[in-house]
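What follows is a short report on a single structure.
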Amino acid sequence: MAGPTRRQWFQAALPAAALLASCKSVDKGARGSVTVQEFGKLPNGETAQLFILKNRNGIETAITNYGGIIVTLKTYDARGLLADVALGFETLDGYLRPHPYFGAIIGRYGNRIGKARFTLDGVTYTLAKNDGENSLHGGVEGFDKKLWKARTEAGPGSQTLVLSYTSPDGEEGYPGTLQTEVRYTLSDDDSFRIDYLATTDKKTVVNLTNHTYFNLKGQGNGDILDHEIQINASRFTPVDEGLIPTGELRPVEGTPFDFRKPARIGARIDADDEQIRRGRGYDHNFVLDREGEGLSLAARVIEPSTGRGLEVWTTEPGMQFYTGNFLDGSLVGKGGKAYPRRSGFCLETQHFPDSPNQPAFPSTVLEPGKEYRSATVWKFITAQPKK
Ligand code: GLA
1220 MAGPTRRQWF QAALPAAALL ASCKSVDKGA RGSVTVQEFG KLPNGETAQL FILKNRNGIE
1280 TAITNYGGII VTLKTYDARG LLADVALGFE TLDGYLRPHP YFGAIIGRYG NRIGKARFTL
1340 DGVTYTLAKN DGENSLHGGV EGFDKKLWKA RTEAGPGSQT LVLSYTSPDG EEGYPGTLQT
1400 EVRYTLSDDD SFRIDYLATT DKKTVVNLTN HTYFNLKGQG NGDILDHEIQ INASRFTPVD
1460 EGLIPTGELR PVEGTPFDFR KPARIGARID ADDEQIRRGR GYDHNFVLDR EGEGLSLAAR
1520 VIEPSTGRGL EVWTTEPGMQ FYTGNFLDGS LVGKGGKAYP RRSGFCLETQ HFPDSPNQPA
1580 FPSTVLEPGK EYRSATVWKF ITAQPKK
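Quick note: the sequence shown uses the numbering used here, first residue 1220, plus one each step.
Now the structure itself:
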């Protein structure tokens, strides 16, 4: 059966997302702002900074140029209360210790590359195996662990943090010097946009994303199983035991992966299903039902008790939906909160995992003289809370 049209998809969404006229009090004269402060010192003595972007309505995010990590993200619920919806740490030290990519830019290759190798023009490139047999999220020292150059730009109605990093030829095994720029823009229309740009001097592969873990009840406030999610995807990429796609694009119809109508994240997360068992819950790439070339609505999530919501729009063909199955409560986050299993979810917009080894998947190859461009928008919304 063909997937729902865009129109049907929106209609299906209406009950959950009967959007409220915001009840927060907006000072018409208010303006957005950017401030910067020191975040901490890296072991090599370099200083990481923390940039605080605010929009005119009071939505606020703090981002460090270490790993481009989104440290806090404060958005409104239906009653006009702000909460920090991003899991993470209060200090740089938290991010210098091992952690599961909280808030970070992921590169050069977001997600997994099978057997940690790929071949381009007859040359095989070997990557570090940092996830069993496979390479995950750019390797041992990926873009999440780099100190990025930073500058800010103020536009009419928006604040932008521009981060740049030059990855040397051969870094983590990848060919080509990769000039990378990530632009984070918070706008007065309550959207947060991420633009990724890259160029190379040798043929290479690129797949950049962001690994923010959201909890729309507020970070540290329990699990995310009651959140309602809608994902605009009629197919997903099933995986083997090592979470590498088999190459099949499988219809979600009749599976726990069918989120074409809003459903509780927890409703089928422990279903008796081989794919669910392999992911220990959801840890899968969805093949988005895109329309056109530009930004397309990928997902909408509503937390029913607060009415706090999020839409994800992207230019990418795929999105990894990960439900924090590997969180185990051992990390102490902001406000001394623990992060138990499934206390955050990620919506990692991306090309499909293992694309360099899957000729039938959309290509992640970047050639010299060409530009890699990708954009994702998080739109902060509210809906009538359910009591
Ligand atoms: C990703 C992967 C997960 C897990 C997390 C980090 O999103 O798909 O399997 O590795 O990162 O813990």
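Where is the CB? At the ideal position from N, CA and C, for every residue including glycine.
Regarding residue i and the ligand GLA, is the C-beta to nearest heavy atom distance less than 7 Å?
i            : result
residue 1494 : no
residue 1194 : In the structure displayed, the chain extends from 1220 to 1606; residue 1194 sits before or after that span and is not available.
residue 1256 : no
residue 1569 : no
residue 1319 : yes
residue 1330 : yes
residue 1502 : yes
residue 1393 : no
residue 1462 : yes
residue 1355 : yes
Which value, in whole angstroms, describes the spacing of the CA atoms of residue i and residue j?
i            : j            : result
residue 1409 : residue 1340 : 44 Å
residue 1240 : residue 1397 : Note that residue 1240 scores a pLDDT of 40, beneath 50, so its modelled location is shaky; the value from the coordinates is reported in the next line. Residue 1240 and residue 1397: Cα-Cα distance of roughly 44 Å.
residue 1449 : residue 1464 : 22 Å
residue 1512 : residue 1569 : 15 Å
residue 1563 : residue 1588 : 39 Å
residue 1393 : residue 1452 : 31 Å
residue 1420 : residue 1338 : 17 Å
residue 1254 : residue 1272 : 7 Å
residue 1584 : residue 1310 : 36 Å
residue 1565 : residue 1500 : 13 Å
residue 1266 : residue 1259 : 6 Å
residue 1578 : residue 1457 : 16 Å
residue 1353 : residue 1331 : 6 Å
residue 1440 : residue 1422 : 45 Å
residue 1274 : residue 1318 : 29 Å
residue 1335 : residue 1540 : 22 Å
residue 1591 : residue 1535 : 12 Å
residue 1306 : residue 1290 : 8 Å
residue 1479 : residue 1313 : 37 Å
residue 1384 : residue 1425 : 14 Å
residue 1601 : residue 1481 : 15 Å
residue 1242 : residue 1382 : For residue 1242, the predicted structure reports a pLDDT of 47, less than 50, and the residue's modelled location is therefore unreliable. A value from the coordinates is still provided. If I take the Cα positions, the gap works out to 34 Å.
residue 1472 : residue 1497 : 19 Å
residue 1502 : residue 1596 : 21 Å
residue 1388 : residue 1345 : 13 Å
residue 1586 : residue 1395 : 9 Å
residue 1296 : residue 1477 : 27 Å
residue 1581 : residue 1571 : 8 Å
residue 1431 : residue 1249 : 28 Å
residue 1347 : residue 1358 : 6 Å
residue 1546 : residue 1555 : 16 Å
residue 1320 : residue 1349 : 13 Å
Between the options, which lies nearest to residue i when the distance is taken from Cα to Cα?
i            : options                : result
residue 1594 : 1531, 1476, 1433, 1550 : 1531
residue 1379 : 1487, 1526, 1279, 1538 : 1279
residue 1355 : 1327, 1338, 1374       : 1327
residue 1343 : 1351, 1350, 1333       : 1333
residue 1537 : 1529, 1522, 1552, 1518 : 1518
residue 1506 : 1484, 1574, 1499, 1489 : 1574
residue 1614 : 1522, 1497, 1548       : Residue 1614 lies beyond the range of the chain shown here (1220 to 1606); nothing can be said about it.
residue 1263 : 1527, 1435, 1422, 1285 : 1285
residue 1606 : 1495, 1526, 1269, 1426 : 1526
residue 1308 : 1480, 1383, 1558, 1403 : 1558
residue 1252 : 1407, 1384, 1503, 1553 : 1407
residue 1351 : 1462, 1433, 1287, 1437 : 1462
residue 1283 : 1297, 1401, 1385       : 1401
residue 1483 : 1443, 1436, 1473       : 1443
residue 1372 : 1403, 1529, 1358, 1366 : 1403
residue 1173 : 1550, 1576, 1431       : For residue 1173 there is no data in the structure shown, the boundaries of the chain being 1220 and 1606.
residue 1268 : 1576, 1366, 1508       : 1366
residue 1509 : 1491, 1300, 1533, 1389 : 1533
residue 1598 : 1375, 1294, 1301, 1270 : 1294
residue 1288 : 1493, 1322, 1301       : 1322
residue 1369 : 1492, 1270, 1470, 1433 : 1270
residue 1412 : 1349, 1447, 1529       : 1529
residue 1304 : 1386, 1445, 1438       : 1438
residue 1446 : 1454, 1434, 1455       : 1434
residue 1553 : 1347, 1302, 1377       : 1302
residue 1560 : 1489, 1567, 1494       : 1489
residue 1475 : 1467, 1520, 1485       : 1485
Using a Cβ-based criterion (distance less than 7 Å to any ligand heavy atom), does residue i qualify as near the ligand SAH?
i            : result
residue 1541 : With respect to the ligand SAH, the structure shown offers nothing to examine, as its ligands consist of the ligand GLA.
Every unbroken beta strand (DSSP E) within the region 1497-1537, with a cutoff of 3 residues, ordered by chain: Qualifying beta strand (DSSP E) stretches, in chain order: 1502-1507, 1515-1522, 1527-1533.
At least three beta-carbon pairs within less than 8 Å, the region 1414-1421 to the region 1510-1530: no
Completely contained beta strand (DSSP E) runs for the region 1408-1481, where each covers 3 or more residues: 1410-1419, 1447-1450, 1452-1456
At least 3 beta-carbon pairs within less than 8 Å: the region 1349-1363 vs the region 1319-1326: yes
Beta strand (DSSP E) segments (min. 3 residues) lying fully within the region 1290-1350: 1301-1303, 1336-1339, 1342-1345
Runs of beta strand (DSSP E) wholly within the region 1561-1591 (minimum 3 residues, chain order): Counting only runs of 3 or more, we get 1565-1569.
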